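Chemist: Got a structure here, written out as structure tokens. Questions coming.
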């Protein structure tokens, strides 16, 4: 009788352990099933490209943007990085906006017109997450160059900042021509300058908020 009781106790204990294990597996399975999945995609309305050009010997910044940026790629993906790396763009220079229509027309005619560039094109080449750097290819004046800069990415909010020298795109003729046309405006008379100066350096800043769809 004692042996039978002992055997029954062991069997019941084993059943209880087995039942507990099955309950744990069910909970883990439920956790996996309930895990949220998010997809990212590019949003044109949440994007902006800004630039700063420089005039005067003291290098005073003049800001601007382009009101039209045509972007391809950016389809839904679980990886925000993958979405960004799929982007390519085309910018009509006619959409330039510096809050001065007269200046805009001069830039279009005498800079971009001089180097025969109706559009700026480019694409994202790669994003290095370890170095927080992004590499683009930008084409202007039929010259393509890689451009590297720093980026941030936080919950779909992306920023990219870099510095370029337009002479790397053989655009010096455009710089010279625009500076000639704007000679007086590019001379800092208030600080005693007698020389007109338009720098080839340009700061670029791009920001976008990726769409995020979770379920």
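In mature numbering (1 follows the signal peptide of the UniProt record, and there is no 0), the protein residues as written are -23 to -1, 1 to 192. Where a beta carbon is used, it is the ideal one built from N, C-alpha and C, also for glycine. Here the structure is a predicted model, which means the values were calculated and not measured.
(1) Return the CA-CA distance between residue 114 and residue 20, expressed in angstroms with no decimal places.
(2) Shortest alpha-carbon distance to residue 25 belongs to which of 187, 191 and 192?
(3) Residue 109 to residue 129, Cα distance in whole Å?
(4) Count Cβ pairs between the segment 49 to 57 and the segment 76 to 84 that sit closer than 8 angstroms; are there 3 or more?
(5) What does a CB cutoff of less than 7 angstroms around residue 103 pick up in its chain, not counting 5 residues either side in sequence?
(6) Please return the same chain residues whose Cβ sits closer than 7 angstroms to the Cβ of residue 141, not counting the five positions on each side in sequence.
(7) Within this structure, are the beta carbons of residue 86 and residue 69 separated by less than 9 angstroms?
(8) Note down the Cα distance separating residue 118 from residue 131, rounded to an integer number of angstroms.
(9) To the nearest angstrom, how far is the alpha carbon of residue -6 from that of residue 191?
(10) Under the assumption that residue 27 contacts residue 40 (Cβ atoms under 8 angstroms), give the Cβ distance between them as a whole number of angstroms.
(11) If we count the other Cβ atoms within 10 Å of its Cβ and call it buried at 16 or more, is residue -16 buried or exposed?
(12) Report the three-state DSSP secondary structure of residue 33 (helix, strand or coil).
(13) Specify the secondary structure class of residue 41 as computed by DSSP and reduced to three states.
Modeler: In this structure, then:
(1) Approximately 21 angstroms between the Cα atoms of the pair.
(2) 187
(3) 7 angstroms
(4) Flag = no, the segment 49 to 57 and the segment 76 to 84 do not touch.
(5) 62 and 112
(6) 124, 179 and 181
(7) Not in contact: residue 86 and residue 69 (Cβ atoms no closer than 9 angstroms).
(8) 34 angstroms
(9) Unreliable placement is indicated for residue -6, whose pLDDT of 49 sits below 50; no coordinate value is reported for it.
(10) Right, their Cβ atoms sit about 6 angstroms apart.
(11) At residue -16, the pLDDT of 47 sits below 50, so the modelled position is not reliable; the number obtained from the coordinates is stated separately. Counting Cβ neighbours within 10 Å, residue -16 comes out exposed, since fewer than 16 surround it.
(12) Here residue 33 carries a coil assignment [DSSP, helix/strand/coil].
(13) Correct three-state label for residue 41: strand.
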